[in-house]
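Colleague: Next up is a structure, given as structure tokens.
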Amino acid sequence: MDETRDRGGAVVTAWLFILWKHKWLVMTFAGLIIASTFVFTRRQAVIYEASTQIVIDLAAPRYLPQGGSEVVSLGLGNTWNTKEFYETQYRIIRSRMVAEKVVEKLGLDRDLAFLGIDDIEDPQERAQALEKADAATLLAGRVKVEPVAESQVVFIKVRDQDPARARLLADEVAEAYKQQNVDRKVSAATEAVEWLRKQATQLREAELAANEALLAYKQAQDILGASLADTQNLLGEELQDARKRLREARQETAGLREQMQLVKRLSAAEAQSSVDAVLDNGLIQQLKAQLVGLENERDELLKRYLDKHPDVLTANRKIKRVKDALAVEVAGIKQSLQRKLDVAARTEQRQASEVAELEQTARQLHTKERGYQELATAVESKKELLAQVELRLKEAELQADSRANNVRIIDKALTPSAPVSPRLMLNLAVALLISLVGGFGLAFLVEQLDSTVKSQEQLERDFGLTFLGVIPRAAASIKNTDRYILENPTSTAAECVRTVRTNLLFMAPERELRTMLVTSAGPREGKTSTCVNLGATMAYAGSRVLLVDSDLRRPRLHRIFDMTNDRGLTNLILDASVAVADMVQPSGVEGMDVMCSGPLPPNPAELLQTKGFRRTLERLKDSYDRVIFDSPPVVAVTDAQVLGMQLDGALLVVRAGQTTREMLRKARRLLSDVNVHILGGLLNSIDVTRRGYGQYYYRYYRQNAAYAEETPNEVS
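At position 302 of the sequence shown the residue is numbered 302 (the working numbering), and the sequence of numbers has no breaks.
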């Protein structure tokens, strides 16, 4: 929680620093905006506003009798489209039509002051301006409608440079809107009266023609006597009886045909044996019984005698006579059935013809009835429509004479005592707000356009570097900045370097930091000064430190310590017999020696990759606790990459406000490409004189240094 709060406070502090850094830009921008607003406001014409209060009802008062309805309705009449209705009324109030009525009534098209051309002195120019002026459009643009929420009250507001004229215009616009509302209703009602009169005349003529057509039809169809309904009822009963008789005749004919077909299919023998099953005839039944008896007797005889026995032959003859009689009787029955069938068929045909005639008569009667009903319906509809039109005509005539209105003026306008525009204080307040926001945005924009690295957040967020600390910018009065910390070990800057030292030594306790490279992305970023000051703080802590000037192109350590550069690193690399002690020189700080570059070789990078350098590195590690190498910039040459590959780690020095993001990104990539262990980044030359910025970083070191000393294993 505390860490989050501290980080949030740091962000706010950084923002405040940006604003303070660009304070003159923000103040200049704000001053220009406020001054411009003041001048513009003072040059504006003074405007007054008057308002008239009206009520717009959803419907006008009704004067028609109970049950009557308005032919032309003023207002909505229902609440389905209330919002649309009122929006329409507001647009009418602001319309050119209403404005033209006011212009015509007050003669505003000739009012030079209203048109704003009274200051033109040249008569010809004034006449031309008057001709081009559009008073109605000008007035409509000055009208504003403000409805009162949850009510039907509306304020009509008009602005003008003259307060009295503003009051007059507000009242006249309200009157014009109210009058046009009535005029619109009366005009529409008058048009409705004329149209309804024409319709009534046409409907009377149409009704007369329909009655004449109905009478002519009745005469032509001979239906003047009994009504068609009675005739249809009688005909329907007759048709029903005829259809019933036809059904009975058809049933009788079908039954006879069925019997006839059965009799025809039977042979004589079959007829003798089974005709009684379908024909109810007493003689046949008697003959059948006689035949059965004779056949039984013959069967008894056959049991005693042969076929040729006289008694058997006699029995057969009797049986034959009975069968012949039975056949004759069946033939007679067939003839009788045929006669009955013929009679039934003729009866059925006669009944069918009667039904067909009755149906034809019914169809003809239905056609007559339909034609009659169409003509009668036409007569009734004409009567009803004529009655409705005559009723609406009376209502329209009443409405045309009525002056009922759904618009009422409840408060006329008062002469305004104070102008509504321009509002100087409001404009200045808005200008101040806009200028501050714009100024802040401009300051942050300028800050974003600055491509240099300036903060811890950039090092950590944009480049993924461990932030090791900062070193404040030396005051302009300090001559030798490289030795400032050596000469002022209790200064704030010295405390900052000690924080860096602590972070370096305790950032990875499992990996001892014996050899270290101090480099930067570009030249003049303070890497040599950092190397000297960092070495001194390590020596103060009790370590035996050696500063090695490995910049074999532009060495500087010998100048800082006022030493000769005739011997040093290159001698040790090229000659293994040279003693380390002979190549180092005392720095004046207890525990810290300096090894200058020595004679400059033509090929520094190649020399630093030789076995001689690796041998020299091991010899130096045997003689000192910490060996710090000052190298050329990473981006300029490959020396730093070559050195970094062979050392325990590299420290990147970043000069605040000078090192660009692109340069630092390239330096980090070059070191990472050859697997150099980058210890972190150090932000150099922080301007502690700027409000907030230096205090923030100074507080950071003090807290971080104390924390490192108390819990070294957790510092990062």
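Heads up, the beta-carbon is just placed ideally off N, CA and C, and yes, glycines get one too.
Using alpha carbons as the reference points, say which of S417, E175, R265, G591 lies closest to D411.
Modeller: Residue E175 is the option with its Cα nearest to D411.
Colleague: What would DSSP say about E121, mapped onto helix, strand or coil?
Modeller: Looking at E121 - three-state DSSP - the assignment turns out to be coil, as it is neither helix nor strand.
Colleague: Based on Cα-Cα distance, which residue from E258, A136, R544 lies nearest to K621?
Modeller: Nearest of E258, A136, R544 to K621, Cα basis: R544.
Colleague: Considering only their Cβ atoms, is the gap separating G598 from R567 smaller than 9 Å?
Modeller: Cβ atoms of R567 and G598: closer than 9 Å.
Colleague: Could you tell me if F629 is buried or exposed, where buried requires 16 or more neighbouring beta carbons within 10 angstroms of its beta carbon?
Modeller: Flag for F629 reads buried.
Colleague: Tell me whether M260 sits in a helix, a strand or coil according to DSSP, three-state version.
Modeller: M260 falls in the helix class under three-state DSSP.
Colleague: When the Cα atoms are used, what is the spatial distance from M97 to V145?
Modeller: Cα-Cα distance, rounded: 16 Å.
Colleague: Using the rule of at least 16 other Cβ atoms within 10 Å of the residue's Cβ for burial, across every protein chain shown, is T22 buried or exposed?
Modeller: According to the sequence provided, residue 22 is His. The question's Thr does not apply to it. H22 is buried by the Cβ-count criterion.
Colleague: Is there contact between the region 645 to 664 and the region 568 to 576, where contact requires at least three CB pairs shorter than 8 Å?
Modeller: With a cut-off of 8 Å, the region 568 to 576 and the region 645 to 664 do not count as touching, because too few Cβ pairs lie within range.
Colleague: How big is the Cα-Cα spacing for S353 and K334?
Modeller: Approximately 29 Å, taken between the alpha carbons.
Colleague: What does the alpha-carbon distance come out to for the pair D119 and A113?
Modeller: Looking at the two C-alpha atoms, the distance is approximately 8 Å.
Colleague: Cβ-heavy atom distance between F467 and the ligand ATP below 8 Å?
Modeller: Absence of the ligand ATP is noted for the structure shown, with no ligands found whatsoever.
Colleague: Can you tell which of M595, V584, D562, A581 has the C-alpha that lies nearest to the C-alpha of S550?
Modeller: Closest by alpha carbon: M595.
Colleague: Can you give me the C-alpha to C-alpha distance between A50 and P416, rounded to a whole angstrom?
Modeller: About 6 Å.
Colleague: Report, in whole angstroms, the separation of the C-beta atoms of V634 and A667, which I expect to be a contact under 8 Å.
Modeller: Right, their Cβ atoms sit about 4 Å apart.
Colleague: Taking only the alpha-carbon atoms, compute the straight-line gap between E447 and L436 and give it to the nearest angstrom.
Modeller: Their backbone Cα atoms lie some 16 Å apart in a straight line.
Colleague: Pull up the CB-CB distance for N427 and T41, whole angstroms please, since I reckon it's below 8 Å.
Modeller: N427 to T41, Cβ: 5 Å. Contact.
Colleague: On a CA-only basis, which of I434, L600, D575 is nearest A35? Give me that one, please.
Modeller: Looking at the Cα atoms, I434 is the closest of the given residues.
Colleague: What's the gap between the Cα of E395 and the Cα of D160?
Modeller: One C-alpha to the other measures close to 44 Å.
Colleague: Return the bridge partner residues of K157 from the DSSP annotation.
Modeller: BP columns for K157 point to S51, K144.
Colleague: Let's test the definition: count the other Cβ atoms within 10 Å of the Cβ of G681 and tell me whether it reaches 16, buried, or not, exposed.
Modeller: G681 comes out buried.
Colleague: Could you tell me the distance, in whole angstroms, from the CA atom of L106 to the CA atom of L169?
Modeller: Rounded to whole angstroms, L106 to L169 spans 9 Å at the Cα level.
Colleague: Of the choices Y372, S455, T481, L600, whose alpha-carbon is the least far from that of A220?
Modeller: It is Y372 whose Cα lies nearest to the Cα of A220.
Colleague: Using the beta-carbon count (16 or more within 10 Å), is P555 buried or exposed?
Modeller: Its Cβ being crowded by 16 or more others within 10 Å, P555 is buried.
Colleague: In chain order, what are the residue ranges of uninterrupted beta strand (DSSP E) at least 3 long that sit wholly in the region 586 to 667?
Modeller: Fully enclosed beta strand (DSSP E) runs of 3 or longer: 592 to 595, 626 to 630, 649 to 655.
Colleague: Leaving out five residues on either side along the sequence, give the residues of the same chain with a beta carbon under 6 Å from the beta carbon of Q272.
Modeller: Interpretation of Q272 is limited by its pLDDT of 46, a score under 50 that renders its predicted location unreliable; the figure taken from the coordinates is listed afterwards. Counting only Cβ-Cβ distances below 6 Å, and skipping sequence neighbours, we find K323, L326.
Colleague: How is the beta strand (DSSP E) around V39 delimited, first residue to last?
Modeller: Per DSSP, V39 belongs to no beta strand (DSSP E); it is in the alpha helix (DSSP H), 23 to 43.
Colleague: What's the C-alpha gap between R392 and T377?
Modeller: One C-alpha to the other measures close to 22 Å.
Colleague: Rounded C-beta distance between L358 and Y217? I'm assuming under 8 Å.
Modeller: In fact, because the Cβ distance is near 24 Å, the residues do not count as touching under 8 Å.
Colleague: Note down, one range per segment and in chain order, each beta strand (DSSP E) of at least 3 residues found wholly within the region 181 to 222.
Modeller: None, since the region 181 to 222 contains no complete beta strand (DSSP E) of that length.
Colleague: Starting from the N-terminal side, write out each stretch of the alpha helix (DSSP H) that is 4 residues or longer and does not extend beyond the region 373 to 456.
Modeller: List check, alpha helix (DSSP H) in window: 424 to 449.
Colleague: Taking C-alpha atoms, which residue in D562, A521, R615, L679 lies nearest to G631?
Modeller: Per the sequence shown, residue 631 should be read as Ser rather than Gly. Ranking the options by Cα distance to S631, first place goes to A521.
Colleague: Assuming L398 and L203 form a contact by the criterion Cβ under 8 Å, report the distance between their Cβ atoms to the nearest whole angstrom.
Modeller: The Cβ separation is near 20 Å, so there is no contact.
Colleague: What first and last residue would you give for the beta strand (DSSP E) that runs through N684?
Modeller: Note, N684: beta strand (DSSP E), 678 to 686.
Colleague: Does the beta-carbon distance from E329 to T253 come in below 9 Å?
Modeller: Their beta carbons are not under 9 Å apart, which means E329 does not touch T253 by this criterion.
Colleague: DSSP on P523, reduced to helix/strand/coil?
Modeller: Coil, per DSSP.
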